[in-house]
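Below: the structure, in structure tokens.
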Amino acid sequence: KQEVTQIPAALSVPEGENLVLNCSFTDSAIYNLQWFRQDPGKGLTSLLLIQSSQREQTSGRLNASLDKSSGRSTLYIAASQPGDSATYLCAVPLKETSGSRLTFGEGTQLTVNP
Amino acid sequence: KAGVTQTPRYLIKTRGQQVTLSCSPISGHRSVSWYQQTPGQGLQFLFEYFSETQRNKGNFPGRFSGRQFSNSRSEMNVSTLELGDSALYLCASSLMTVQETQYFGPGTRLLVL
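Encoded structure:
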């Protein structure tokens, strides 16, 4: 059974700081890994999708890496801004199913202070 | 391109009632998944529909059911509501397979009194 863990559970940083969010998964046989952002009471916004054959994906100030063999992914946020404050979730699909069922981590709640 | 839409956005029901939530996927997307999000349990998978067929099902009681129409729009129904069903219900759509990005709607906030 795939389990996804995110560390830390919460993080508070001053504006401008570079930061790293961590995601680990127990079964390395994954199709891909997706990072999402969730603002309070809102839906999830897809940030990055990394296929299992990729090592990195970049979008603006965000960079996600994937190390399948060690069961880890990191989300790097450069030059953080107060608008980056949100909960960040990583998710992987269950490989034993043919469909789109995702297993989520518990999330990292990020606060960027002005 | 319009995103995933969910209606209604907010609902208040009483115990024992039933509720139907609706999800319209992104145009061209054929897979729709439903998730329940609560503070204690996080995001939990309910079920997934593809081409009007349930392709995957999570570990929820039979009170939770769903369906998908020929235009890929999906509904989920919860019968005999319990207090513990209070949650944010999210739907996600993708083109076809697990290898594509999943896009989530804004959610329906259900409060059961």
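Chains as they are written, first to last, in our numbering: chain A, 10 to 123; chain B, 15 to 127.
No residue lacks a Cβ here, since even glycine has one placed at the ideal position from N, Cα and C.
Task: Identified DSSP bridge partners for Arg64(A) - done: Translated into the one-based positions of the first sequence, residue 64(A) becomes position 55. Answer by DSSP bridge pairing: none, since Arg64(A) is not bridged.
Open item on the list: So, with DSSP's three-state summary, where would you put Leu95(B)?
Closed with: To locate residue 95(B), count along the second sequence from 1; it is residue 81. Correct three-state label for Leu95(B): coil.
TODO: Anything in chain A within Cβ reach of Gly119(B), meaning under 7 Å, just list it in chain order.
DONE: In the second sequence, counting from the first residue as 1, residue 119(B) sits at position 105. Result: Gly52.
Open item on the list: So with CB distances below 8 Å, who are the chain A contacts of Thr115(B)?
Closed with: Reading the second sequence from its first residue, position 101 is the one you call residue 115(B). The contact set of Thr115(B) on chain A, defined by CB atoms closer than 8 Å, consists of Gln43, Ser55, Leu58 in chain order.
Task: Opening and closing residue of the beta strand (DSSP E) in which Lys71(B) lies - done: Residue mapping note: residue 71(B) aligns to position 57 of the second sequence, counting from 1. 67-71 is the extent of the beta strand (DSSP E) around Lys71(B).
Open item on the list: Comparing C-alpha positions only, which one of Gln60(A), Val13(A), Phe45(A), Pro17(A) sits nearest to Asp36(A)?
Closed with: As a first step, residue 36(A) is located in the first sequence; it is residue number 27 there, counting from the start. It is Val13(A) whose Cα lies nearest to the Cα of Asp36(A).
Open item on the list: Measuring only from the beta carbon, is Gly119(B) closer than 7 Å to any heavy atom that is part of the ligand NAD?
Closed with: Looking at this structure, you won't find the ligand NAD or any other ligand, since it has none at all.
TODO: Look at the alpha carbon of Gly25(A) and the alpha carbon of Ser74(A), and state the distance between them as a whole number of angstroms.
DONE: Here residue 25(A) refers to the residue found at position 16 of the first sequence. Here residue 74(A) refers to the residue found at position 65 of the first sequence. The straight-line gap from Cα to Cα measures roughly 21 Å.
Task: Cα-Cα separation between Asn31(A) and Leu57(B), rounded to whole angstroms - done: Your numbering for residue 31(A) matches position 22 in the first sequence. Your numbering for residue 57(B) matches position 43 in the second sequence. Here the C-alpha atom of Asn31(A) lies approximately 18 Å from the C-alpha atom of Leu57(B).
Open item on the list: Can you tell me whether Phe61(B) is buried or exposed? The criterion is at least 16 other CB atoms within 10 Å of its CB, across all chains shown.
Closed with: The residue given as residue 61(B) occupies position 47 in the second sequence. By the neighbour-count rule (16 or more Cβ atoms within 10 Å), Phe61(B) is buried.
Open item on the list: Using only CA atoms, which one of Pro23(A), Ile39(A), Ala19(A) lies nearest to Val101(A)?
Closed with: Taking the first sequence and counting its residues from 1, the one referred to as residue 101(A) is at position 92. Of all alpha-carbon atoms in Pro23(A), Ile39(A), Ala19(A), the one lying nearest the alpha-carbon of Val101(A) is that of Ile39(A).
Open item on the list: Could you check whether the Cβ of Glu115(A) sits closer than 8 Å to any Cβ belonging to chain B?
Closed with: Along the first sequence, one-based indexing puts residue 115(A) at 106. Taking Cβ atoms only, chain B reaches closer than 8 Å to Glu115(A), which makes this a yes.
Open item on the list: Buried or exposed for Leu127(B), going by 16 or more other Cβ atoms inside 10 Å?
Closed with: Within the second sequence, numbered from 1, the residue matching residue 127(B) stands at position 113. Classification for Leu127(B): exposed.
Open item on the list: Strictly below 7 Å CB to CB, what residues from chain B border Tyr40(A)?
Closed with: Translated into positions along the first sequence, residue 40(A) becomes position 31. Residues of chain B passing the Cβ test: Val112, Gln113.
Task: Contact belief for Ser108(B) with Val18(B) at Cβ below 8 Å, rounded distance in angstroms - done: Start at 1 with the first residue of the second sequence, and residue 108(B) comes out as number 94. Start at 1 with the first residue of the second sequence, and residue 18(B) comes out as number 4. Between Ser108(B) and Val18(B) a beta carbon distance of about 10 Å is seen, past the 8 Å cut, so the two are scored as non-contacting.
TODO: Give the residues of chain B in contact with Pro102(A), contact being defined as C-beta atoms less than 7 Å apart.
DONE: Translated into the one-based positions of the first sequence, residue 102(A) becomes position 93. Those within 7 Å of Pro102(A) in chain B are Val112.
Open item on the list: Is it buried or exposed, Thr112(A), if we count other Cβ atoms within 10 angstroms and call 16 or more buried?
Closed with: The residue labelled residue 112(A) in the question sits at position 103 within the first sequence. It is buried - the Cβ of Thr112(A) has at least 16 other Cβ atoms within 10 Å.
TODO: Look at the alpha carbon of Leu103(A) and the alpha carbon of Asn41(A), and state the distance between them as a whole number of angstroms.
DONE: As a first step, residue 103(A) is located in the first sequence; it is residue number 94 there, counting from the start. As a first step, residue 41(A) is located in the first sequence; it is residue number 32 there, counting from the start. Approximately 10 Å, taken between the alpha carbons.
Open item on the list: For chain A, check one thing: does any of its Cβ atoms lie closer than 8 Å to the Cβ of Gly42(B)?
Closed with: Locating residue 42(B) in the second sequence gives position 28, where the first residue counts as 1. Gly42(B) has a beta carbon lying at 8 Å or more from every beta carbon in chain A.
Task: Other residues of its chain near Ile40(B): CB distance less than 8 Å, five sequence neighbours each side excluded - done: In the second sequence, counting from the first residue as 1, residue 40(B) sits at position 26. Hits under 8 Å: Lys15, Ala16, Gly17, Val18, Ser107, Tyr117.
Open item on the list: Taking 8 Å as the limit between beta carbons, can you name the residues of its chain near Val33(B), skipping five residues before and five after?
Closed with: To locate residue 33(B), count along the second sequence from 1; it is residue 19. Same-chain partners within the cutoff: Leu25, Lys27, Asn91, Val92, Leu95, Leu124.
Task: Cβ-Cβ distance between Leu119(A) and Tyr97(A) below 8 Å - done: Position 110 of the first sequence, counting from 1, holds the residue named residue 119(A). Position 88 of the first sequence, counting from 1, holds the residue named residue 97(A). The answer is yes: Cβ separation under 8 Å.
Open item on the list: Please state the DSSP three-state secondary structure of Gly80(B).
Closed with: The residue you call residue 80(B) lines up with position 66 of the second sequence. Strand, per DSSP.
Open item on the list: Quick check on Asn70(B): buried or exposed, where buried means 16 or more other Cβ atoms within 10 Å of its Cβ?
Closed with: Along the second sequence, read from residue 1 onward, the residue named residue 70(B) stands at position 56. Buried, since its Cβ has 16 or more Cβ neighbours within 10 Å.
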